[in-house]
Amino acid sequence: MNVYMEWTYKTTKNVEIVLTSDLVPAKQALIIANDFMKTGRTKELYFYDENDTKWSKKEFEKLLEEIVEEPHDIEVYFDGGYDVDSQKAGVGIVIYYSRNNQDFRIRSNNVLDQLDSNNEAEYAAFWEAVLQLEELGVQNISVHFKGDSQVVLNQLSGEWPCFEDEFTKWLDRIEEKIKNLGIKPKYSAISRKENKEADQLASQALQGIEVTSHLNLSE
C-alpha cells in the first residue's frame, strides 16, 4: 500500500505552509510522520492512498494494525492467449501480496472453451484473477492490476468506450464483482516483457501444462 502525506508546517516566524509528499510505502510514511510530529511544528497531518482516501494519523495507525493480518500490497498480473486452430483460450494469473509481514505469490493458469478472440481471452484472464482474489479473502482494499492488454485495461478504467456486446458482458461481470468485494482498482498497462510470468502461464495452459502454486517468498 502506497500513500502520500499532506501536512501543515509552521515556520519559526509562525508562517504556515501546506506541504505534500510523494507516494511512499505505508509503513515508511508512518515513520516519517512520527518524525515530523516530533519537531513540534507539524499539524493537521493526513494520509491519502492512490484513490485519495483520507486518514488522520490515528486512523492510519489503526488501519495498518487491522490490515497486517489481511492480504494487502496486492499486485495482479494477468494474460490471455487464443489459439485459432483449437479455438481454445489460455489464461495466466500471478498475484503478489503481503500478510503478517510476509510476502506471497500465487501462480495459476487455465484453458477455456467457448471464447472467440484474444481480447476475450484477456477479459477471461482478468475475471479469473478477480475470482482468485475473492477466494483469497481480499475485501475493501486497493489492488493494482497489471497487464499488456490496453483494450481491457482502458475499457475497465473507462478511458475507452466498449461497443462490442461480448466485451460489455465481461465488463459488467467484472465491475460488479469488484464493487461487491469493495476493491479499489488501479490499472497499469505494461509491456509483454514485464508481463512475462503471466504470459508464460497462458502459453503453458494452451500446451496442456497446468500450473497452480502458492509460495511464501519470505521463507
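Straight run, no breaks: the sequence shown in the UniProt record's numbering ends on number 219.
Heads up, the beta-carbon is just placed ideally off N, CA and C, and yes, glycines get one too.
What does residue i pair with, by DSSP beta-bridge criteria?
i: F104; result: Y97 and N216
i: K184; result: S142
i: A29; result: None, per the DSSP bridge assignment.
i: G92; result: D79 and N109
i: A189; result: G147
i: E59; result: None; E59 has no bridge partner.
i: I17; result: Y9
i: I178; result: In the DSSP output, where bridge partners are listed per residue, I178 has none listed.
i: Y48; result: Y4 and K54
i: residue 230; result: Any question about residue 230 goes unanswered here, given that the chain covers just 1 to 219.
i: V130; result: DSSP, once it has assigned bridges, lists no residue as partnering V130.
i: I74; result: V143
i: V24; result: V3
When you compare only the Cα positions, how much space is there between residue i and residue j?
i: I178; j: L112; result: 22 Å
i: Q139; j: I174; result: 15 Å
i: W183; j: D199; result: The sequence given here has Ile at residue 183, not Trp. Cα to Cα, I183 sits roughly 24 Å from D199.
i: L201; j: W160; result: 27 Å
i: L64; j: D103; result: 16 Å
i: A29; j: P185; result: 21 Å
i: V143; j: L19; result: 27 Å
i: H72; j: S98; result: 5 Å
i: Q87; j: D165; result: 19 Å
i: D35; j: S188; result: 33 Å
i: E50; j: P25; result: 11 Å
i: E219; j: E66; result: 23 Å
i: I141; j: W7; result: 24 Å
i: V84; j: M1; result: 40 Å
i: E135; j: L45; result: 36 Å
Suppose the cutoff is 8 Å on Cβ atoms and the five residues either side in sequence are ignored; what does the same chain contact list for residue i look like?
i: E122; result: F78, D79, G80, G147, S149, V151 and V152
i: I31; result: none
In chain order, what residues of the same chain lie with their CB nearer than 7 Å to the CB of residue i, ignoring the 5 residues before and after it?
i: T212; result: S108
i: N216; result: Q102 and F104
i: N180; result: none
i: Y82; result: A89, L115, S117, N118 and A121
i: E128; result: V91, I93 and N110
i: S203; result: G81 and G90
i: K169; result: none
Using 8 Å as the limit for Cβ to Cβ distance, is residue i near chain B?
i: L206; result: Looking for chain B here will not work: only one protein chain is present.
Report all residues from its chain with a CB closer than 6 Å to the CB of residue i; omit the five preceding and five following residues, and keep chain order.
i: K10; result: E16 and R41
i: H214; result: I106
Next item on the list: Could you say if the region 148-159 and the region 188-199 meet the contact criterion of at least three C-beta pairs nearer than 8 Å?
Entry: They touch, by the three-pair rule.
Checklist line | Cβ contact check for the region 88-96 and the region 41-59: 3 or more pairs under 8 Å | finding: Flag = no, the region 88-96 and the region 41-59 do not touch.
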